[in-house]
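Undergrad: Quick one: the structure is below, questions incoming.
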Amino acid sequence: MRIQDLENHLESAKNNAIAATGVDQSVAVEIALAEPPDPTMGDRGFPCFALARHLRKAPPLIAEEVAEALRDGLSEGDIIAEISTAGPYVNLTLDRGRLTELVIGQALDEKAEFGAANVDGSRWMVEFSAPNTNKPQHLGHVRNNLLGDSLSRVLDFASNDVQRVNLINDRGIHICKSMLAYELFGDGETPESTGEKGDHFVGRYYVLFNQKFVAEYEDWQKTSEADRHFESWLNSPEAKPLKERHKDDKNALRNAFFDDYSDTYFNENSDLGGQAREMLRRWEDGDDDIVELWKRMNRWVLDGFDETYKRFGIEFDKIYLESETYEFGKDVVQEGLDSGLFHLRDDGAVVCDLEKVGLEGEKVLLRSDKTSVYMTQDLGTAITRFDEYEPDQMVYVVADEQEYHFDVLFRILAELRPRFEGRLHHLSYGLVELPEGKMKSREGTVVDADDLLDEMVNLAEEAIEERYSDLDDDDIERRAEIIGLAALKYYILDFGPRTTVQFDPERSIDFQGRTGPYCLYGYARIASIGRRFNGWPELDSDQQASALNALGSEREMDVVRTLQRWPETVIKACDQLNPGRITEHLFEICSAFSSLYNDADHRIVELDGPRRNGLLLLAQATQYAIAAGLDLLGIPTLEEM
RNA sequence: GCGCCCGUAGCUCAGCUGGAUAGAGCGCCGGACUUCGAAUCCGUAGGUCGCAGGUUCGAAUCCUGCCGGGCGCGCCA
Numbered sequence: 001m002r003i004q005d006l007e008n009h010l011e012s013a014k015n016n017a018i019a020a021t022g023v024d025q026s027v028a029v030e031i032a033l034a035e036p037p038d039p040t041m042g043d044r045g046f047p048c049f050a051l052a053r054h055l056r057k058a059p060p061l062i063a064e065e066v067a068e069a070l071r072d073g074l075s076e077g078d079i080i081a082e083i084s085t086a087g088p089y090v091n092l093t094l095d096r097g098r099l100t101e102l103v104i105g106q107a108l109d110e111k112a113e114f115g116a117a118n119v120d121g122s123r124w125m126v127e128f129s130a131p132n133t134n135k136p137q138h139l140g141h142v143r144n145n146l147l148g149d150s151l152s153r154v155l156d157f158a159s160n161d162v163q164r165v166n167l168i169n170d171r172g173i174h175i176c177k178s179m180l181a182y183e184l185f186g187d188g189e190t191p192e193s194t195g196e197k198g199d200h201f202v203g204r205y206y207v208l209f210n211q212k213f214v215a216e217y218e219d220w221q222k223t224s225e226a227d228r229h230f231e232s233w234l235n236s237p238e239a240k241p242l243k244e245r246h247k248d249d250k251n252a253l254r255n256a257f258f259d260d261y262s263d264t265y266f267n268e269n270s271d272l273g274g275q276a277r278e279m280l281r282r283w284e285d286g287d288d289d290i291v292e293l294w295k296r297m298n299r300w301v302l303d304g305f306d307e308t309y310k311r312f313g314i315e316f317d318k319i320y321l322e323s324e325t326y327e328f329g330k331d332v333v334q335e336g337l338d339s340g341l342f343h344l345r346d347d348g349a350v351v352c353d354l355e356k357v358g359l360e361g362e363k364v365l366l367r368s369d370k371t372s373v374y375m376t377q378d379l380g381t382a383i384t385r386f387d388e389y390e391p392d393q394m395v396y397v398v399a400d401e402q403e404y405h406f407d408v409l410f411r412i413l414a415e416l417r418p419r420f421e422g423r424l425h426h427l428s429y430g431l432v433e434l435p436e437g438k439m440k441s442r443e444g445t446v447v448d449a450d451d452l453l454d455e456m457v458n459l460a461e462e463a464i465e466e467r468y469s470d471l472d473d474d475d476i477e478r479r480a481e482i483i484g485l486a487a488l489k490y491y492i493l494d495f496g497p498r499t500t501v502q503f504d505p506e507r508s509i510d511f512q513g514r515t516g517p518y519c520l521y522g523y524a525r526i527a528s529i530g531r532r533f534n535g536w537p538e539l540d541s542d543q544q545a546s547a548l549n550a551l552g553s554e555r556e557m558d559v560v561r562t563l564q565r566w567p568e569t570v571i572k573a574c575d576q577l578n579p580g581r582i583t584e585h586l587f588e589i590c591s592a593f594s595s596l597y598n599d600a601d602h603r604i605v606e607l608d609g610p611r612r613n614g615l616l617l618l619a620q621a622t623q624y625a626i627a628a629g630l631d632l633l634g635i636p637t638l639e640e641m
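Per the numbering used here, the first sequence runs over residues 1 to 641.
Here it is as structure tokens:
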């Protein structure tokens with residue numbers, strides 16, 4: 001019997017007992033078996049309120065009746081040892097020895113695979129990360145990367161076939177900005193010559209472009225040409241709302257106008273903007289020099305990304321480059337045009353009337369000059385991916401500001417390819433904010449991914465040196481890297497995806513309490529127990545049974561029950577696409593064992609015989625579960641902290 | 001204006017297919033290291049679950065309205 005079989009057994013025992021009172025099975029299955037508030041009340045329980053309507057009796061009376069039917073249904077030696085009622089609730093208590101044998105036996109059997117589902121899985125594709133190649137990755141990407149990576153691990157653990165894909169945005173006007181700045185001001189320097197990491201090197205030029213552009217824009221605002229634009233806007237109806245708000249304060253209006261006009265200036269008046277757009281045109285025409293420069297700079301960035309991904313322990317099965325996929329969608333748009341789902345607008349743009357997909361308004365799918373937009377590309381890549389891989393489920397890990405985009409995308413895809421319906425998911429997550437508010441590149445408050453990890457590792461290093469003074473530098477460095485990474489990953493993943501993360505580097509990142517290092521510590525301390533007793537006991541099945549049957553204290557059962565729930569948690573994390581379920585349960589496992597470990601009555605050194613062996617096996621099983629949980633978060637284990 | 005999300009302890013967050021006394025970490029206060037690793041453990045205090053209605057035997061959870069915050073509604077991505 002496995003844990004899942006036990007849960008099924010309890011479920012059908014409940015359903016049969018309820019059915020025995022004459023109520024329909026469909027009512028019975030609606031009543032969930034939950035855990036009573038206090039474990040002394042039982043292992044599982046359920047309320048009988050819902051039966052009152054059918055039986056026209058008071059719930060406590062029904063509970064008695066159901067409990068009786070439950071008792072009658074038990075076979076000789078059933079793992080359900082006791083059935084009790086508490087008012088309208090029926091509670092089941094399991095035989096401690098048999099439960100322990102079952103749960104711990106399974107953990108020892110499955111080792112670091114403990115909790116993995118072994119059903120025939122489906123095919124999943126998870127797209128995450130999706131960085132631009134004009135600047136290094138920041139805290140926002142970190143959350144995306146960690147969510148995508150952990151989710152992929154969880155899905156894989158639940159025996160699905162998972163393809164992790166990245167879609168790198170390596171083309172477009174923003175890429176040309178850093179290219180142009182490099183061409184104008186780079187003076188031939190390279191990441192090698194300056195000793196910078198490639199993505200940071202290129203990012204510096206992206207920032208430089210924006211600085212130069214802002215300076216140019218500010219100069220231009222002083223010209224008479226700018227005045228003319230401002231005056232003509234001021235006299236247009238568009239200015240009316242702002243005029244009212246600013247009470248005709250001309251300075252305020254001027255600032256408001258030029259704040260808003262920035263994009264138009266870039267496209268219509270700016271010298272730098274013109275050069276960047278010219279560069280994009282030449283890139284699209286395949287101009288040798290531009291393509292060469294683009295390749296060089298992209299290589300620098302991608303090499304930098306590789307380093308970052310590697311340090312974070314993140315890998316992809318397939319990397320799509322937008323430069324190769326951005327025109328994919330054009331045929332799809334033509335197909336939709338032919339089928340009448342889309343239509344040609346007067347100005348030459350191809351649009352989809354969103355009322356056809358249950359929304360309002362319309363969406364441009366191909367510009368009037370027949371170039372593609374974001375939506376065009378996403379239509380194309382989605383269909384390409386299904387044709388190539390035919391995933392049963394496709395998840396896009398993308399920030400919540402794009403919810404509408406994906407809503408539209410999925411609806412259009414469902415029209416174009418009805419078989420996709422219900423298979424597309426947007427794992428939408430909230431932004432990461434600093435205590436002082438949003439990260440703003442203009443104000444230099446963007447938290448860089450590499451810097452952040454460095455900082456975490458440094459803090460870990462200090463913590464290690466404080467505690468273990470006689471370690472050599474290599475050891476400190478090795479441990480600090482893992483501990484720092486664990487702190488960061490656990491911290492970020494412990495938020496539910498939709499929550500806006502408050503990231504306080506000063507206070508929030510802690511190595512104590514519910515944290516990655518706490519879980520690592522739990523693992524390492526068990527490893528230490530293993531060393532103390534020269535390895536885990538090697539017992540035949542009779543000896544193992546008697547060792548496990550020697551357990552049964554409340555503290556021991558706390559650990560057993562926490563492990564019992566672990567496989568279900570994995571399924572839940574899967575269903576909800578939420579690694580936070582894993583961080584939560586992992587902490588519960590570590591915490592339950594830590595309590596036992598610190599308890600005077602559970603000191604293994606002071607015990608002997610089957611009870612000592614039982615505790616050692618419990619420790620060993622717990623260690624497997626912790627290892628499994630940490631791995632699902634992408635955190636490697638340490639035998640010593 | 002319309003749409004989506006959020007509002008739970010001093011702080012940061014879980015819980016939201018309705019079910020038993022609303023949880024955790026941090027912080028506060030008080031305890032436990034000659035004894036398996038104290039990055040640990042034990043205990044105390046701390047909540048009108050934004051507000052007001054409604055549905056229900058039962059609401060933090062579902063519905064409606066309001067208040068407060070975030071995001072979206074581009075031939076940007």
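The beta carbon of each residue, even a glycine, is placed where N, CA and C say it ideally should be.
1. Give me the Cα-Cα distance between R143 and L302, rounded to the nearest whole angstrom.
2. So which of L617, A627, K111 has the shortest CA-CA distance to T100?
3. With H, G and I counted as helix, E and B as strand and the rest as coil, what does DSSP make of I31?
4. Could you name the residues of the same chain whose beta carbon sits closer than 7 Å to that of N578, not counting the 5 residues immediately before and after it, in chain order?
5. Please list the terminal residues of the continuous alpha helix (DSSP H) segment that includes G522.
6. Could you pull out every residue in the same chain whose Cβ sits closer than 6 Å to the Cβ of M375, ignoring the five residues on either side in sequence?
7. Just mark I175 as buried or exposed, buried being the case when its beta carbon has 16 or more other beta carbons within 10 Å.
8. Is the beta carbon of P59 closer than 7 Å to that of A69?
9. In the DSSP assignment, find the beta strand (DSSP E) that holds C655 and state where it starts and stops.
10. Quick one: using the 10 Å Cβ neighbour count with 16 as the cut-off for buried, is P435 buried or exposed?
11. In three-state terms, what does DSSP make of W124?
12. Would you decide whether A628 is buried or exposed? Buried here means 16 or more other CB atoms lie within 10 Å of its CB.
13. What are the uninterrupted segments assigned as beta strand (DSSP E) that are 3 or more residues long and contained completely in the stretch 367 to 452, given in chain order?
14. Around the C-beta of R479, are 16 or more other C-beta atoms found within 10 angstroms, so that it is buried, or is it exposed?
15. Rounded to a whole number of angstroms, what is the C-alpha to C-alpha distance between L155 and W124?
16. Specify the secondary structure class of R44 as computed by DSSP and reduced to three states.
17. Can you check whether the CB of D199 is closer than 7 Å to the CB of L321?
18. Looking at the structure shown, is L70 part of a helix, part of a strand, or coil, going by DSSP?
19. Assuming S372 contacts G329 (C-beta within less than 8 Å), just tell me the rounded distance between them.
20. In the DSSP output, what is A86 paired with across the bridge?
21. Please list the terminal residues of the continuous beta strand (DSSP E) segment that includes H343.
22. Assuming A107 contacts A621 under a Cβ cut-off of 8 Å, what Cβ separation, rounded to an integer in Å, is found between them?
23. Can you check DSSP and say which residues form a bridge with Q163?
24. With distance defined between alpha-carbon atoms, name the residue in F201, S178, N458 nearest to S189.
25. For S323, which option in D285, L341, D317 has the closest C-alpha, if you only look at C-alpha atoms?
26. Taking all protein chains shown into account, do 16 or more other C-beta atoms lie within 10 angstroms of the C-beta of S150, making it buried, or fewer, making it exposed?
27. So, V395 versus V126, is the Cβ gap smaller than 7 Å?
28. For V718, which three-state DSSP category applies?
29. Using C-beta distances below 7 Å, list every residue in its chain close to I290, excluding the 5 sequence neighbours before and after it, in chain order.
30. Identify every residue that forms a DSSP beta bridge with K318.
31. Taking C-beta to C-beta, are Y217 and S178 nearer than 7 Å?
TA: The short version:
1. 19 Å
2. L617
3. coil
4. G496, P497
5. 516 to 532
6. L365
7. buried
8. no
9. A query on residue 655 cannot be resolved here, the shown segment of the chain reaching from 1 to 641 and no further.
10. exposed
11. strand
12. buried
13. 393 to 399, 424 to 429
14. buried
15. 8 Å
16. strand
17. no
18. helix
19. 6 Å
20. Y89
21. 342 to 344
22. 4 Å
23. M125
24. According to the sequence shown, residue 189 is Glu rather than Ser. Minimum Cα distance to E189 is reached at F201.
25. D285
26. buried
27. yes
28. It is not possible to answer for residue 718, since the shown part of the chain is limited to 1 through 641.
29. M279, R282, W283
30. V165
31. no
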